[in-house]
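J.:
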Amino acid sequence: MQSSSELFPVALISAEIRGELTEDVYLLKPNNSPDNSVELALTRIGLRDRTGDYGEPVVLLHGSFSNRRFWCSPLGIGAGAHLARQGFDVWILEMRGHGLSPRNRDYTRNRVSQYVRYDLPAAAAFVQEQNGLAPHWVGHSLGGIVLAAALGGGYLDEASAASAALFGSQISRIYWPLKVPPVEWAGRLLLKGFEQVSGSRLKRGPEDEPIGLVKESLRWHGLFGRFGDSEKDWWAGLADVRVPLLAAAGAGDTQDPAWACRKLFEQFGSAHKEYHSLGKADGFSQDYGHVDMLVSKGAQKEVWPLLAAWLMRAGKA
1 MQSSSELFPV ALISAEIRGE LTEDVYLLKP NNSPDNSVEL ALTRIGLRDR TGDYGEPVVL
61 LHGSFSNRRF WCSPLGIGAG AHLARQGFDV WILEMRGHGL SPRNRDYTRN RVSQYVRYDL
121 PAAAAFVQEQ NGLAPHWVGH SLGGIVLAAA LGGGYLDEAS AASAALFGSQ ISRIYWPLKV
181 PPVEWAGRLL LKGFEQVSGS RLKRGPEDEP IGLVKESLRW HGLFGRFGDS EKDWWAGLAD
241 VRVPLLAAAG AGDTQDPAWA CRKLFEQFGS AHKEYHSLGK ADGFSQDYGH VDMLVSKGAQ
301 KEVWPLLAAW LMRAGKA
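Take a look at the structure:
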């Protein structure tokens, strides 16, 4: 089968029509990481009766235990579908082993540091090849953390990111027991017998997460931990980021509290940035939680339009 890209092998594995929307799924094989078995599913959402160009591209990143359906349901409902109807060229990246992205050979060792070093740059290159423009990026929860890490590490920059939007994303919440070395060591020892964490068993979502990602998080939150890898301090690098930034936190979010999301927002050096607390005190109809800030009837009326308006302004910045 002929590749859909001149960059690396890409196969169109699905092309569906969902009402007035189209849903095309591409499987990318970038061959840019030590694990050459990695393949990434990238879904493009567009208007069925589209005329002219595709509009400005937007790449959406799901959170932990999730997949592309967080952004666009099979019935064409979701923030991603809304953006497509507003004229954006919408792409949804599924992380290694999530959704239609098959589990790679070293799945259990997958980490954010690999996502940001290899996977996001590959997706950025393919979207730019197909559309011609640098994409906007939107991440929820872990997706936002991955996006922040990619920007702080310099793996995405102004040439590959027109703007960034973070929803319910933070890295500053302190887990005091993990600051005690014996507790962290015991946690790592306990995790040695596991290959993955089940989202369905924990009632957190439809997907599993590799144990490598959990161990990486333990290191971030340890006594001398930092948001970064052995080579780069992503947190420090955020001060040098210049892409326009939107950050939103749920006033009722107990998982990733607003104060911690605000701290991540403030670390960015972007001159053009906005922060929104999604709650009654700031004019919203409710105090949004971690998921319903983007998946709820309230979000459909209040948050999706806020995101679309931001992307339109960022595209002109």
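All residue numbers for the sequence shown refer to the UniProt record's numbering, where the first residue is 1 and numbers rise by one. Ideal Cβ positions, reconstructed from N, Cα and C, are used throughout, including at glycine. Here the structure is a predicted model, which means the values were calculated and not measured.
Alpha carbon to alpha carbon, how far is S230 from L75? Give it in angstroms, no decimals.
T.: On the sequence shown, position 75 is the one that residue 75 refers to. On the sequence shown, position 230 is the one that residue 230 refers to. Approximately 43 Å between the Cα atoms of the pair.
J.: What are the partner residues of R44, as DSSP defines its beta bridges?
T.: Within the sequence shown, the letter at position 44 stands for residue 44. Answer is D24, W91, bridged to R44.
J.: F167 bridges to which residues according to DSSP?
T.: Residue 167 sits at position 167 when you count from the first residue of the sequence shown. Paired residue(s): H140, A248.
J.: Helix, strand or coil for V38, going by three-state DSSP, please let me know.
T.: As a position in the sequence shown, residue 38 is number 38, starting the count at 1. Three-state result, V38: coil.
J.: Which word fits W259, buried or exposed, when buried means at least 16 other C-beta atoms lie within 10 angstroms of its C-beta?
T.: The residue you call residue 259 lines up with position 259 of the sequence shown. W259 should be labelled exposed.
J.: To the nearest angstrom, how far is the alpha carbon of E20 from that of I45?
T.: Counted from its first residue, the sequence shown places residue 20 at position 20. Counted from its first residue, the sequence shown places residue 45 at position 45. Near 10 Å, if we compare the C-alpha coordinates of I45 and E20.
J.: Assuming H272 and P244 make a contact with CB atoms under 8 Å, what is their CB distance in whole Å?
T.: The sequence position of residue 272 within the sequence shown is 272, counting from 1. The sequence position of residue 244 within the sequence shown is 244, counting from 1. Confirmed, about 4 Å.
J.: Exposed or buried, what is M95 when buried is set at 16 or more other beta-carbons lying within 10 Å of its beta-carbon?
T.: In the sequence shown, the residue the question calls residue 95 occupies position 95. The residue is buried, with at least 16 neighbouring Cβ atoms inside 10 Å.
J.: Looking at C-alpha atoms only, which residue of S14, V127, S64 is the closest neighbour of W91?
T.: For the purposes of this step, residue 91 is taken as residue 91 along the sequence shown, with counting starting at 1. The candidate whose alpha carbon is nearest that of W91 is V127.
J.: Could you spell out where the beta strand (DSSP E) holding E302 opens and where it closes?
T.: As a position in the sequence shown, residue 302 is number 302, starting the count at 1. No beta strand (DSSP E) holds E302; the alpha helix (DSSP H) holding it covers 297-316.
J.: Considering only the beta carbon of each residue, do V116 and A150 sit closer than 8 Å?
T.: As a first step, residue 116 is located in the sequence shown; it is residue number 116 there, counting from the start. As a first step, residue 150 is located in the sequence shown; it is residue number 150 there, counting from the start. Contact flag set, yes.
J.: From the DSSP output, read off the bridge partner residues of Y275.
T.: Counted from its first residue, the sequence shown places residue 275 at position 275. Bridge partners of Y275: A247.
J.: If you compare alpha carbons, which of D35, Y26, G97 is closest to D208?
T.: As a working mapping, residue 208 is identified with position 208 in the sequence shown. Checking every option, the nearest Cα to that of D208 belongs to G97.
J.: Using DSSP bridges, identify the partner residues of D240.
T.: As a first step, residue 240 must be located in the sequence shown, where it is residue number 240. DSSP output for D240 lists no bridge partner at all.
J.: Flag this pair as touching only if the region 106-126 and the region 2-12 have three or more C-beta atom pairs under 8 Å; answer yes or no.
T.: Cβ pair count under 8 Å is three or more, so yes.
J.: Pull up the distance between the alpha-carbon of W220 and that of R204, whole angstroms please.
T.: For the purposes of this step, residue 220 is taken as the residue at position 220 of the sequence shown. For the purposes of this step, residue 204 is taken as the residue at position 204 of the sequence shown. Straight-line Cα distance between these residues: approximately 21 Å.
J.: Among the residues of its own chain, which have a CB less than 6 Å from the CB of E274, if the five just before and after it don't count?
T.: For this step, residue 274 is matched to residue 274 along the sequence shown. Within the same chain, E274 has close Cβ partners L246.
J.: I'd like to know whether the C-beta of W235 is nearer than 8 Å to at least one C-beta of chain B.
T.: Any reference to chain B falls outside this structure, which holds one protein chain only.
J.: In the structure shown, what three-state DSSP assignment does D119 receive?
T.: Stepping through the sequence shown from its first residue, residue 119 is reached at position 119. Three-state DSSP puts D119 in a helix.
J.: Would you call the region 78-88 and the region 141-159 touching, i.e. three or more CB-CB distances under 8 Å?
T.: Touching, no, given that fewer than three Cβ pairs across the two stretches are closer than 8 Å.
J.: Between Q170 and the rest of its own chain, which residues show a CB-CB distance below 6 Å, the 5 nearest in sequence each way excluded?
T.: Along the sequence shown, one-based indexing puts residue 170 at 170. These residues qualify, in order along the chain: D256, A260, C261, L264.
J.: Using beta-carbon positions only, say whether F65 and H140 come within less than 8 Å of one another.
T.: Within the sequence shown, numbered from 1, the residue matching residue 65 stands at position 65. Within the sequence shown, numbered from 1, the residue matching residue 140 stands at position 140. Result no, Cβ atoms of F65 and H140 do not sit closer than 8 Å.
J.: Using beta-carbon positions only, say whether S172 and Q114 come within less than 8 Å of one another.
T.: One-based indexing of the sequence shown puts residue 172 at position 172. One-based indexing of the sequence shown puts residue 114 at position 114. Result no, Cβ atoms of S172 and Q114 do not sit closer than 8 Å.
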